[in-house]
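Note sheet for the following structure.
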Amino acid sequence: MEFFAWCVVAAGIGMGLGSFGTGIGQGLAIQKAVEGVARNPGASGKIMTIMLIGLAMIESLAIYVFVVAMIILFANPFTDTVVQMLSK
Amino acid sequence: MIHPFIFFEWLEHQLHLHIGNHVTYTWLVMALLILVALLVKRNIKTVPTGLQNFLEPVIDSIENMIEETMGPKGKAYFPLIATIAFFILVSNLIALIPGFFPPTANLNTNAAMALTVFAMTHIVGLKEHGIGYFKHFCGPVIWLAPLIVPIEIVGHLARPLSLTLRLFGNMYGHEIVLMIFFGLVPFIVPLPMMLMGVLVAFIQTFVFMLLAMIYIAGSLEEAH
Numbered sequence: 623m624e625f626f627a628w629c630v631v632a633a634g635i636g637m638g639l640g641s642f643g644t645g646i647g648q649g650l651a652i653q654k655a656v657e658g659v660a661r662n663p664g665a666s667g668k669i670m671t672i673m674l675i676g677l678a679m680i681e682s683l684a685i686y687v688f689v690v691a692m693i694i695l696f697a698n699p700f701t702d703t704v705v706q707m708l709s710k
Numbered sequence: 005m006i007h008p009f010i011f012f013e014w015l016e017h018q019l020h021l022h023i024g025n026h027v028t029y030t031w032l033v034m035a036l037l038i039l040v041a042l043l044v045k046r047n048i049k050t051v052p053t054g055l056q057n058f059l060e061p062v063i064d065s066i067e068n069m070i071e072e073t074m075g076p077k078g079k080a081y082f083p084l085i086a087t088i089a090f091f092i093l094v095s096n097l098i099a100l101i102p103g104f105f106p107p108t109a110n111l112n113t114n115a116a117m118a119l120t121v122f123a124m125t126h127i128v129g130l131k132e133h134g135i136g137y138f139k140h141f142c143g144p145v146i147w148l149a150p151l152i153v154p155i156e157i158v159g160h161l162a163r164p165l166s167l168t169l170r171l172f173g174n175m176y177g178h179e180i181v182l183m184i185f186f187g188l189v190p191f192i193v194p195l196p197m198m199l200m201g202v203l204v205a206f207i208q209t210f211v212f213m214l215l216a217m218i219y220i221a222g223s224l225e226e227a228h
């Protein structure tokens with residue numbers, strides 16, 4: 623049973639670490655974008671487009687972690703092996 | 005961990021069919037879009053009224069965005085990109101109705117769209133530049149090619165993967181968060197998450213559309 627407990631722990635810690643870095647990255651990107659708009663409000667449309675693409679790129683890192691966490695929690699490939707080993 | 009009651013799943017169960025939620029809801033979205041398109045097409049006027057009035061600025065803004073990011077050559081790809089945009093937007097927003105499942109919260113739907121865009125970029129590139137399209141993969145200087153080609157190939161293969169997983173992760177994650185909040189406190193508390201869902205639906209549509217445009221524009225331009 624310990625295996626499944628560690629699975630949940632791994633998913634949680636992984637998601638936490640992933641969103642930690644992603645949060646910092648997105649914050650920096652938005653900071654620079656807001657500075658740019660404050661200096662030159664005329665360019666806000668273009669800055670917004672580029673910022674959104676960048677944010678989507680950064681965000682996909684957290685999304686990858688999320689997908690891995692979901693695989694660990696709901697579709698773990700080692701579940702059958704562990705259950706077989708436990709039943710022996 | 006999706007909606008506890010899904011209408012079409014229940015319907016399938018009654019009819020003893022096994023199609024899958026994402027397929028049935030894709031059909032629903034398709035039917036919805038085709039119906040709206042036919043309704044608008046039936047009476048197009050120079051001075052728009054009603055539904056036409058609503059859809060014209062939307063189409064206009066998509067057209068403008070395509071012209072801005074892809075240049076004048078991009079107009080030819082308007083049907084593909086606008087169709088993808090409408091489909092993703094409607095399927096994302098459908099998640100907010102209880103008993104409905106967003107087709108974009110399934111890997112298969114997203115993979116189909118991402119692979120379409122992936123194939124399109126290379127077909128467009130080959131059609132535009134002929135055999136010279138392979139210069140795109142070779143980098144700026146020819147003797148750097150052995151180094152650049154593997155990187156470019158991996159980069160190109162990562163595109164459909166990231167397109168698929170981004171949309172899937174966002175929609176599925178939102179669905180799961182909503183259900184967890186719903187399980188904890190079913191009253192009022194899930195409402196802010198649903199509001200965020202509207203935001204996510206629009207932003208993800210925008211991002212998918214924009215990335216598709218950029219990828220196609222990238223294979224349209226000359227190799228440097």
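Chains as they are written, first to last, in this note's numbering: chain D, 623 to 710; chain L, 5 to 228. Ideal Cβ placement from N, Cα and C applies to all residues, glycine included.
Counting other Cβ atoms within 10 Å of its Cβ, L:Val128 reaches 16 or more and is therefore classed as buried.
Taking 7 angstroms as the cut-off between beta carbons, none of the residues of the region 115–128 of chain L comes near chain D. Between L:Leu167 and L:Ala118, the gap from beta carbon to beta carbon is short of 8 angstroms. For D:Val689, the chain L residues whose C-beta falls within less than 7 angstroms of its own C-beta are Leu169, Gly173, listed in chain order. Listed along chain D are Thr671, Leu674, Ile675, Ala678, each with a C-beta nearer than 9 angstroms to that of L:Leu214. Around the beta carbon of L:Ala41, a 10 Å sphere encloses fewer than 16 other beta carbons of the protein chains shown; the residue is thus reported as exposed. Contact annotation: the region 139–156 of chain L does not touch the region 79–89 of chain L, with fewer than three C-beta pairs closer than 8 angstroms. Of the residues assessed, L:Leu39 falls on the exposed side of the cut-off, its CB having fewer than 16 other CB atoms within 10 angstroms. Boundaries of the alpha helix (DSSP H) harbouring L:Tyr29: 25–46, taken from the DSSP string. Along the region 182–213 of chain L, the positions whose C-beta sits under 9 angstroms from a C-beta of chain D are Ile207, Gln208, Phe210, Val211, Phe212, read in chain order. For D:Ile652, the closest of D:Ile680, D:Gly636, D:Gly640, D:Gln706 by C-alpha to C-alpha distance is D:Ile680. Interface annotation, L:Gly177: in contact with chain D, CB-CB separation under 8 angstroms. With a contact defined as Cβ atoms closer than 8 angstroms, D:Met637 and D:Val687 qualify at about 6 angstroms. By a beta-carbon distance limit of 8 angstroms, D:Ser682 contacts L:Leu169. Their separation comes to about 7 angstroms. Contact note: L:Ser166 reaches chain D through Ser682, using a C-beta cutoff of 7 angstroms and chain order. Residue contact check for D:Ile652 against chain L: no CB pair falls below 8 angstroms. D:Cys629 and D:Leu695 do touch by the CB rule: their CB atoms are close to 7 angstroms apart, below 8 angstroms.
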